[in-house]
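Residue numbers for the sequence shown follow my numbering, so the first one is 9 and each next one is one higher.
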Amino acid sequence: MLIDSHCHLNYKGVAEDQQGVLARARAAGVTGFLNISTRQSEWDAVVAVAEAEPDVWASVGIHPHEADAHADLGAEALRAATAHPRVIAIGETGLDYYYDHSDRAVQRALFRMHIGVARDTGLPLIIHTRDAEADTAEILADEMGKGAFPALIHCFTASADFARTVLDLGLTISLSGIVTFKNARDLQEIARELPEQRMLVETDAPFLAPIPHRGKPCEPAFVADTCAFVAQLRGVSREDLAETTSANFFRLFTKAQPPQVAL
Ligand SMILES: [Zn+2]
Ligand SMILES: [Zn+2]
Numbered sequence: 009m010l011i012d013s014h015c016h017l018n019y020k021g022v023a024e025d026q027q028g029v030l031a032r033a034r035a036a037g038v039t040g041f042l043n044i045s046t047r048q049s050e051w052d053a054v055v056a057v058a059e060a061e062p063d064v065w066a067s068v069g070i071h072p073h074e075a076d077a078h079a080d081l082g083a084e085a086l087r088a089a090t091a092h093p094r095v096i097a098i099g100e101t102g103l104d105y106y107y108d109h110s111d112r113a114v115q116r117a118l119f120r121m122h123i124g125v126a127r128d129t130g131l132p133l134i135i136h137t138r139d140a141e142a143d144t145a146e147i148l149a150d151e152m153g154k155g156a157f158p159a160l161i162h163c164f165t166a167s168a169d170f171a172r173t174v175l176d177l178g179l180t181i182s183l184s185g186i187v188t189f190k191n192a193r194d195l196q197e198i199a200r201e202l203p204e205q206r207m208l209v210e211t212d213a214p215f216l217a218p219i220p221h222r223g224k225p226c227e228p229a230f231v232a233d234t235c236a237f238v239a240q241l242r243g244v245s246r247e248d249l250a251e252t253t254s255a256n257f258f259r260l261f262t263k264a265q266p267p268q269v270a271l
């Protein structure tokens, strides 16, 4: 088993050849895909892929870049979308103060709204955070105090302090192809030390192709390269890390069922 815990199969760069992309990933050993949405207008299309493909699941949520355009999205609309049997997660949501494509106060309000739906439904929250460690940590601690909810930090690029903070809050950390980059020494150190039961791997395709694919559009097949790289960092076999991270995936995303293997 090997799961790409975060990809955008409906984004330009992947969507044009979605069947080819999925076929290449399956040939590379990828057995599951979590197809992530970033705005309400794409929810139906993201879920439709998960309806058509037994090894694809879907998330529903609003990316912090899209917060301004969804300032009035109520929790009820999000909650209703999570009822679909192939929707196993909420997100991606969070805070992005690097690009600041949306007003920060609106980002924070939507982040808290997503947290409330995650707490009510029990579906894990997929968090995007960039240049916003302090506010992300503060909101997570505050909201956990009101009632626990399952969550992960996707495409982790933050500090070791932030990693400790979110691990202490019970979160899982997902590593993307960024960990393979030559200048990612700090992140590699974090990847080496992560508790085995609290880590996932992802591509964030079509973004962030890992070494040795840099410069190409990223595809879910490349999660195998990121998994192999992290396995080497940690001194385990790539097969072991693939099994561990897949088991972690199904333990966190309890609504997902592994596809049945045809005998
Ligand atoms: Zn993201
Ligand atoms: Zn993403």
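The beta-carbon is built from N, C-alpha and C at its ideal position, and this holds for glycine as well.
Q | Proximity of G99 and I147 at Cβ, strictly below 7 Å | A | Within the sequence shown, residue 99 is the residue found at index 91, counting from 1. Within the sequence shown, residue 147 is the residue found at index 139, counting from 1. Their beta carbons are not under 7 Å apart, which means G99 does not touch I147 by this criterion.
Q) Helix or strand or just coil, what does DSSP make of M9? A) Here residue 9 corresponds to residue number 1 of the sequence shown, with the count starting at 1. M9: coil per DSSP, three-state reduction.
**Q.** Proximity below 7 Å, CB of T137 to CB of G185
**A.** Your numbering for residue 137 matches position 129 in the sequence shown. Your numbering for residue 185 matches position 177 in the sequence shown. Not a contact, by the Cβ cut-off of 7 Å.
Q. For I70, which of I44, R206, E201 has the nearest alpha-carbon?
A. Locating residue 70 in the sequence shown gives position 62, where the first residue counts as 1. Nearest option by C-alpha distance: I44.
Q.
Using C-beta distances below 8 Å, list every residue in its chain close to C235, excluding the 5 sequence neighbours before and after it, in chain order.
A. On the sequence shown, position 227 is the one that residue 235 refers to. Cβ neighbours of C235 beyond the five flanking positions: L10, V209, R246, L249, A250, T253.
(Q) Can you look up R138 in the DSSP assignment and give me helix, strand or coil? (A) Here residue 138 refers to the residue found at position 130 when the sequence shown is read from its first residue. The answer is strand: DSSP assigns R138 an E or B state.
Q: Put C15 into one of helix, strand or coil per three-state DSSP.
A: For the purposes of this step, residue 15 is identified with residue 7 of the sequence shown, where counting begins at 1. Here C15 sits in strand by DSSP.
Q.
Measuring only the C-alpha atoms, how far is A60 from V95?
A. To locate residue 60, count along the sequence shown from 1; it is residue 52. To locate residue 95, count along the sequence shown from 1; it is residue 87. The straight-line gap from Cα to Cα measures roughly 13 Å.
Q. Thinking just about the alpha-carbon of each residue, which of G153, V55, D12 is nearest to the one in N18?
A. In the sequence shown, the residue the question calls residue 18 occupies position 10. If we check each option's Cα against that of N18, V55 comes out closest.
**Q.** L86 to K20 span [Cα, whole Å]
**A.** Counting from 1 along the sequence shown, the entry for residue 86 is found at position 78. Counting from 1 along the sequence shown, the entry for residue 20 is found at position 12. Using only the alpha carbons, I get a separation of about 24 Å.
Q | Completely contained beta strand (DSSP E) runs for the region 202-238, where each covers 3 or more residues | A | 207-209
Q. Per DSSP, what kind of secondary structure is F170 in: helix, strand or coil?
A. Residue numbering aside, residue 170 sits at position 162 when the sequence shown is read from its first letter. In the structure shown, F170 sits in a helix (DSSP, three-state: H, G or I).
Q. Ligand 2 heavy atoms versus the CB of I44: any closer than 6 Å?
A. The residue given as residue 44 occupies position 36 in the sequence shown. Checking the Cβ of I44 against ligand 2 gives yes.
Q. Looking only at its own chain, which residues have a Cβ that is under 7 Å from the Cβ of A213, when we skip the five neighbours before and after it?
A. Position 205 of the sequence shown holds residue 213. Cβ neighbours of A213 beyond the five flanking positions: C15, H16, V22, C226, E227, P228.
Q) Which first and last residues belong to the alpha helix (DSSP H) in which I98 is found? A) As a position in the sequence shown, residue 98 is number 90, starting the count at 1. No alpha helix (DSSP H) contains I98, which is instead part of the beta strand (DSSP E) from 95-104.
Q | Meets three-Cβ-pair contact criterion under 8 Å: the region 147-166 and the region 121-130 | A | yes
Q. For Y107, which option in A75, M121, V64 has the closest C-alpha, if you only look at C-alpha atoms?
A. Within the sequence shown, numbered from 1, the residue matching residue 107 stands at position 99. Closest by alpha carbon: A75.
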